[in-house]
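Here the structure comes first, spelled out in structure tokens, and everything after it is commentary.
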Amino acid sequence: MKDAKEYTLYNETVMDHFMNPRNMGDFQDADGIGEVGAAACGDIMKISLKIKDGVVTDARFKTFGCGSAIASSSMATELIKGRTLEEVKNFSNEEVVEALGGLPPVKIHCSVLAEEALKAAIEDYEAREVSKPAEKSEALSA
Amino acid sequence: MKDAKEYTLYNETVMDHFMNPRNMGDFQDADGIGEVGAAACGDIMKISLKIKDGVVTDARFKTFGCGSAIASSSMATELIKGRTLEEVKNFSNEEVVEALGGLPPVKIHCSVLAEEALKAAIEDYEAREVSKPAEKSEALSA
Amino acid sequence: MRSVYLDHQASTPLLPEALEAMTPYFTQAFGNASSLHRYGLQVRDGIATARAQVAALINAESPDDIIFTGNGAEAVNLAIKGFADANHRKGKHIVLSATEHPTVLGSVEYLERQGFTHTKVPVDKEGIIDPAAVREAITPETILVAVHIANHDIGAIQPIKEISAITREKGIPLFCDAVASAGWYPIDVQALGIQLLTLSPHRFYGPKGVGVLYRSRRARVTSHIHGGVQEGGRRAGTENVPAIIGAGVAAEIALRDLNERIAHVSRLQHKLHDGMVASIPYIKLNGPKPGPLRLCNTLNWSTEFIEGEGQLLLCDSNGIAVASGSSCVSKSLKVSHVLEAIGLDHALAQGNIIMSLGKDNTEEDIDYVIERFLKVVNTLRRMSPMWQEFEDGQIDSVINPRGIGKSFTQHAADVSGRPAH
Amino acid sequence: MRSVYLDHQASTPLLPEALEAMTPYFTQAFGNASSLHRYGLQVRDGIATARAQVAALINAESPDDIIFTGNGAEAVNLAIKGFADANHRKGKHIVLSATEHPTVLGSVEYLERQGFTHTKVPVDKEGIIDPAAVREAITPETILVAVHIANHDIGAIQPIKEISAITREKGIPLFCDAVASAGWYPIDVQALGIQLLTLSPHRFYGPKGVGVLYRSRRARVTSHIHGGVQEGGRRAGTENVPAIIGAGVAAEIALRDLNERIAHVSRLQHKLHDGMVASIPYIKLNGPKPGPLRLCNTLNWSTEFIEGEGQLLLCDSNGIAVASGSSCVSKSLKVSHVLEAIGLDHALAQGNIIMSLGKDNTEEDIDYVIERFLKVVNTLRRMSPMWQEFEDGQIDSVINPRGIGKSFTQHAADVSGRPAH
Ligand SMILES: Cc1ncc(COP(=O)(O)O)c(C=O)c1O
Ligand SMILES: Cc1ncc(COP(=O)(O)O)c(C=O)c1O
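Chains D, L, G and B, in that order, give the protein sequences. First residue of the first sequence: 549, per the working numbering; consecutive thereafter. First residue of the second sequence: 549, per the working numbering; consecutive thereafter. First residue of the third sequence: 5, per the working numbering; consecutive thereafter. First residue of the fourth sequence: 5, per the working numbering; consecutive thereafter.
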């Protein structure tokens, strides 16, 4: 029998991302912010992105939720750094699950929430782009 | 915890009468024999009596049956020695149960069987008496 | 690192005295209690002793009123379904409190599929039932009233005496699930007027693998495990002899040490309660405050702006074992029906954890827990968008409202696009 | 005095290896498997190992097919009632063999009260069922066929492969109670085509307090202990962790030592059988003779002219533990339905005892039993009016009739004034 201390609810990778979350926080000047909630479990996830030249240059998260929700958002923000907007739009929760080395079946929805938060952040970014054509061309012409 | 050896199914008295039955056997020349059976459990009990001057002078039994049936017949034959026919006719199984220090509820019928065997033996005796008035008066006049 | 086990409402370690008494029944006294030879008689004798010990713990009229089952849930099922089965001709309605354990609710729902109906009597904000409401719920069809002695999640102690006065008046048996309270609260079935009562010995330092149903001779139950004459024909199958022996010893010691255990544990309960409240902002105790209305060993907390599982996991990594929601249903994502029943705000129900104390916890344990728990909360709040939005004035606190911002529940509904359940 | 335990079909001593594996789960690893912290996860891991060990014993497709219950009887009840509950829409008829254990019969009788019907398929004089009769008994309404692998009383091994060929053809699941046979007979649920199977670990040197239901994914069962998600929602309530751990170890060792145990025990079985038959007149073996049709560890005797309990008691006083009739129903006065099913004469059914061997019995034990049993029989025959009446030529022997005197059964009816049952 192994000592009780050696047991954790989730696998090593998930526990690591829960205990030492990557990219936790916000940006002063995010380019896109997505905040989504899961009615089923009450989790709320917020992902903030820095985007430059159609590429995600940085990502941060804040999560109200269980261990696997926190780990999922940590992993998701890790994964999408450096990806193009097009790539992020095709991002699937399955990538998070795989990178985390698996999640318990009842917790798969946490990775879905991360996908949704990401996509909401991209939508937010794109909505902002549309609403500030002036600024944008100014910046381009500068 | 007591050692297993110290446990017996019945109390000490019952076990003693089962392991060392009193009055086990038959008489070459019994004055009355009663053999009865219990349809419920299949036990068969046979009690043989020696009777003189209206008094049971000796008693023997043979029993096909469980431990408490054997103990009940052993005890019943012990109890009725020296009793008058009238007393034996009023004999109750409760006396056997009491003398045995109690029987489990499902085994009370064993003591009833002993009572019935006794009474059957008395009936047999009385039936024989009626059928041999000649012999009897002969014996008396001898 | 210190290890602090604060989940005694999930299970307790077996008493060494109980284990010692059990040990010979594994390899030596291994007979089947149904056997007529000495190996059978020996274990039968052990079971008889245990039955008397358990009867004494709850002051049952007779050891014959004690039925051993395989666990607390089976005992509850037998109490409700076995009683209903034996008495369905008298009526088909059951009254129960809204905060009963899932095994009570599940048994009653099963009966519903068999044509029974039931009325759930609500509880107040502290989780306590109103005896008058029990009286109102009783119909001429009612054959059983089920109200637990104390709630497993929020520790609310129910007014059993007042309720049993009503059930006695109406001539209806009262079933009290005492799984959460036995060993932590004095229980006298005769004085309390209880006809059916369930215990789970592993909750008071006895072994797992055995449950107890007390039923007075006035409350008939029929077996729901068929096929043998064990336990007076009320539960077929080979008895779990070692566990029954251990349950007896645990019951005897629980009775002997009851006052001492209660005194020790409630001192720690007060200390933990006061320490938590003093050091952690926006935290709320669910259920009655420590005192006569609350079970001495349990504290149910809602920590605002963070969620329960994360608290549990970070506590665990600090060596502190706590529960999140009802330990028996922790695989479920749903908010505990107990918290729903006391009308707890959705935001607070999410952040729920339960700490339950035991006889071996110490003052140092409590100091450690208070210190570490504050860190746990701070870590999770730093990660929580809710905390930030609260600090920004976007959402308001439920526990200590400032009158600015919308509610968490509203916010959650907004971001999820659906109302929170 | 020598002690010879010959009641292994009632219970067996726990293996020291199993006890050793169980021990830490009492006082150290005492968590509740439902808890999410390390104490819970630790025991969850232990249970998972045990599940795999038990699955291996019977070659189950997956450990997930193993459900732990509180004893063999509960597993049987869940197999039958749980299956019926989940499948009643497909039909309400069950086929079973006439010599099933009382817990199978009791479960089926319970279902009868719920509107089910059943057909009991008779057995031959040796206790073996005819597969063709099973086929005939199946109706379009039949949803389950129940035939035990081997009988607990007379050791008759049933033609499971032939039966499963029929049930497979008909698309009906086959439930085999293996409580009497597991650990004493090779069982491969996949090769045998079994969809539901029950085990009782205390019958193969595992602990009491745990039973096992194997159910393939093709055979759905619903819980009959309601209220929690344990065992995949199929059996609510806290798991008996130490017993489950012990069951796993016992299963692993039973598989490892199976051939060796069978070889040892059947050698003793042959020796005991031959010795008894050679030295004791008017004794009859019930069920098939030792060999491929009989379980290797049990001998069921009828000793003519004497009754069973007396034999048991005198054996006991000689240190020899034997059973009389079915150990699970020994409080009942009635003749075993198994003996009735094989058409055993009333006289012989009365004189019934069962000797069941185990791995620790020795050749010397057997010599001792043969010597002492002869004395036991002689003592009781000296006390028996039947023996004397047989010697007097008034009644005849059933086992070795001489053609003079009336039958015991006739005699018993005459003296009791009622026909024997
Ligand atoms: C064939 C058979 N099935 C089921 C059972 C019930 O098992 P348990 O007594 O372990 O509950 C028994 C018990 O004797 C049995 O012999
Ligand atoms: C109040 C209550 N009743 C019944 C049960 C079921 O008891 P067990 O888990 O011992 O089977 C529980 C378990 O948590 C409980 O808390």
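Even for Gly, the Cβ is constructed at its ideal location relative to N, Cα and C.
Residue i versus residue j - alpha carbon distance
i      : j      : result
B/A54  : B/G215 : 12 angstroms
G/R386 : G/E395 : 11 angstroms
L/V562 : L/S622 : 9 angstroms
D/A578 : G/H156 : 46 angstroms
G/G210 : G/G76  : 12 angstroms
G/A102 : B/E166 : 53 angstroms
B/I408 : B/Q398 : 7 angstroms
G/N356 : D/K598 : 34 angstroms
B/I98  : B/L299 : 26 angstroms
B/R6   : G/L148 : 55 angstroms
L/R608 : B/S401 : 25 angstroms
G/A223 : G/Q57  : 21 angstroms
G/I284 : G/L378 : 6 angstroms
G/S334 : G/R139 : Because G/S334 sits at a pLDDT of 44, beneath the cut-off of 50, its placement in the model cannot be relied upon, and the following sentence gives the value as read from the coordinates. Going from the Cα of G/S334 to the Cα of G/R139 covers about 33 angstroms.
L/A647 : G/T73  : 38 angstroms
G/P106 : G/R207 : 17 angstroms
L/P569 : B/V108 : 41 angstroms
G/Q162 : G/G291 : 12 angstroms
G/Y43  : B/V8   : 11 angstroms
Below-8 angstroms beta-carbon distance, residue i vs any chain L residue
i      : result
B/S420 : yes
B/Q398 : no
B/G314 : yes
B/A182 : no
B/L317 : yes
B/Q354 : yes
B/I198 : no
B/H105 : no
B/E395 : no
Residue i at chain G interface by Cβ criterion, 8 angstroms
i      : result
L/M549 : yes
D/K594 : yes
L/A669 : no
B/Y218 : no
B/G74  : yes
Cutoff 8 angstroms: residue i Cβ touching any chain D Cβ
i      : result
G/M387 : yes
G/A416 : yes
G/E344 : no
Chain B contact for residue i (CB, 8 angstroms cutoff)
i      : result
G/R42  : yes
L/G590 : yes
L/L651 : no
D/T556 : yes
G/D11  : yes
D/K553 : yes
G/P246 : yes
Neighbouring residues, chain E, relative to residue i (Cβ below 8 angstroms)
i      : result
G/D320 : Checking the listed chains, one finds no chain E in this structure; the protein chains it contains are D, L, G and B.
Of the residues that make up the stretch 604 to 626 of chain D, which ones have a beta carbon closer than 7 angstroms to any beta carbon in chain G?
K610, T611, F612, G613, C614, G615 and I618
If contact means a Cβ-Cβ distance below 7 angstroms, which residues of the stretch 46 to 72 of chain B contact chain D?
Q46, D49 and G50
Contact set between the stretch 15 to 34 of chain G and chain L, restricted to residues whose Cβ is under 7 angstroms from the partner
P28 and A33
Beta carbons nearer than 9 angstroms to chain B: which residues of the stretch 566 to 586 of chain L have them?
F566, M567, P569, M572, G573, D574, E583, V584, G585 and A586
Hey, is the stretch 338 to 346 of chain B in contact with the stretch 239 to 256 of chain B, meaning 3+ C-beta pairs nearer than 8 angstroms?
no
Any contact between the stretch 662 to 682 of chain L and the stretch 275 to 287 of chain G? By contact I mean 3 or more CB pairs, one from each, below 8 angstroms.
no
Does the contact criterion of 3 or more C-beta pairs under 8 angstroms hold for the stretch 259 to 269 of chain G versus the stretch 92 to 102 of chain B?
no
Counting Cβ pairs, one atom from each stretch, are 3 or more of them under 8 angstroms apart for the stretch 246 to 261 of chain G and the stretch 343 to 354 of chain G?
no
Taking contact to mean at least 3 C-beta pairs separated by less than 8 angstroms, is the stretch 365 to 385 of chain B in contact with the stretch 16 to 35 of chain B?
no
Report yes or no: do the stretch 645 to 662 of chain D and the stretch 552 to 566 of chain L share at least 3 C-beta pairs separated by less than 8 angstroms?
no
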